[in-house]
Amino acid sequence: MGLRVITGNPSPGVLYILVCGSPIARDVGILVGLAQQEGWDVCVITTPDGRKFVDVAALQAQTGHPVRTYYKSPGDPDMLPEADAMIVAPATVNTVNKWAAGITDTLVLGLLVEGYGYGVPTAVVPYTNKVMALHPALHESLAKLRDWGVHVLYGEDVCRLGGPGQTDRYRGQFPWRRALQAVSNPVTMSSRVEPGAVG
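With the UniProt record's numbering applied, the sequence shown corresponds to residues 1 to 199, in that order.
Here it is in structure tokens:
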């Protein structure tokens with residue numbers, strides 16, 4: 001699986017939706033539908049925990065693509081088209097912190113780390129409980145991602161957080177449409193040479 005940066009073509013192209021382990025992930029089909037209405041060809045990739053929350057069969061039927069979770073074996077063909085943009089939603093504290101540290105121990109993280117190198121427009125919507133949200137590592141990681149050009153959608157003005165065990169409380173407020181807008185109109189995009197495949 002590779003990544004491709006768009007170079008001025010106004011048509012949307014291929015959107016990777018990267019899904020982490022959160023009850024919010026059950027609603028990712030909403031984002032898929034919104035993106036498809038705008039003409040995106042959507043692919044869903046999950047973390048191992050994210051896969052536990054989604055309806056894999058329904059998403060495969062909705063997108064027409066397999067839902068990827070793990071790196072492919074050496075020599076296996078790519079299963080998805082290359083990405084023109086990526087949205088990480090919902091993003092857990094674990095994935096945000098590992099991403100900022102350059103760790104690539106899941107396919108989602110591998111795509112995000114490689115995506116930075118290729119200049120792929122990327123938006124992230126972190127979601128956790130309000131106690132975990134207090135940890136300074138999360139805020140340091142989000143600051144790094146912003147500095148690197150990632151569109152970070154986070155804060156009370158974006159989506160309120162519940163307490164531990166209450167992550168469903170504000171589920172209906174999750175900003176799927178805002179995340180899509182962030183990659184539909186990115187401020188800057190850079191071109192690249194063809195990449196090697198990731199996983």
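Think of the CB as a built atom: it goes at the ideal place given N, C-alpha and C, for glycine as much as any other residue.
By the three-class DSSP mapping on this structure, what secondary structure does Tyr-16 have? strand
May I ask you to report which of helix, strand or coil DSSP gives Gly-8? Only weak support exists for where Gly-8 lies, its pLDDT of 48 falling under 50; the coordinates are left without a value.
Name the DSSP bridge partner or partners of His-151? Ala-123
Can you look up Thr-46 in the DSSP assignment and give me helix, strand or coil? strand
Val-28 versus Ile-87: straight-line alpha-carbon distance, rounded: 11 Å
Assuming Leu-18 and Leu-111 make a contact with CB atoms under 8 Å, what is their CB distance in whole Å? 7 Å
Just checking my contact of Val-32 with Thr-63 at CB under 8 Å: how many whole Å lie between their CB atoms? 6 Å
State the DSSP-derived secondary structure class of Val-113, mapped to helix, strand or coil. helix
Cutting at 6 Å between CB atoms, please list the residues of its own chain near Arg-51, excluding the five before and the five after it. Thr-69
How many Å lie between Arg-192 and Asp-157 at the Cα? With a pLDDT of 30 at Arg-192, under the threshold of 50, the modelled position of that residue is not reliable, and no figure is offered here.
Since Asp-41 sits in a beta bridge, which residues does DSSP pair it with? Val-14
For Leu-145, collect the residues of the same chain with a Cβ closer than 8 Å to its Cβ; drop the 5 residues on either side in sequence, then sort them by chain order. Val-96, Trp-99, Ala-100, Val-124, Val-152
Close beta carbons around His-65, own chain, < 7 Å, minus the five adjacent residues each side: Cys-43, Leu-80
Through-space distance from Asp-147 to Tyr-118, alpha-carbon basis: 16 Å
Which residues share a DSSP beta bridge with Ala-91? Pro-126
So, is Ser-73 buried or exposed, given that buried needs 16 or more other C-beta atoms within 10 angstroms? exposed
Straight-line gap, Pro-126 to Pro-77 (C-alpha atoms, nearest Å): 32 Å
Among the residues of its own chain, which have a CB less than 7 Å from the CB of Pro-48, if the five just before and after it don't count? Thr-69, Thr-106
Give a yes or no on whether the C-beta atoms belonging to Ala-91 and Cys-20 are separated by under 7 Å. yes
Leaving out five residues on either side along the sequence, give the residues of the same chain with a beta carbon under 6 Å from the beta carbon of Leu-59. Val-44, Val-67
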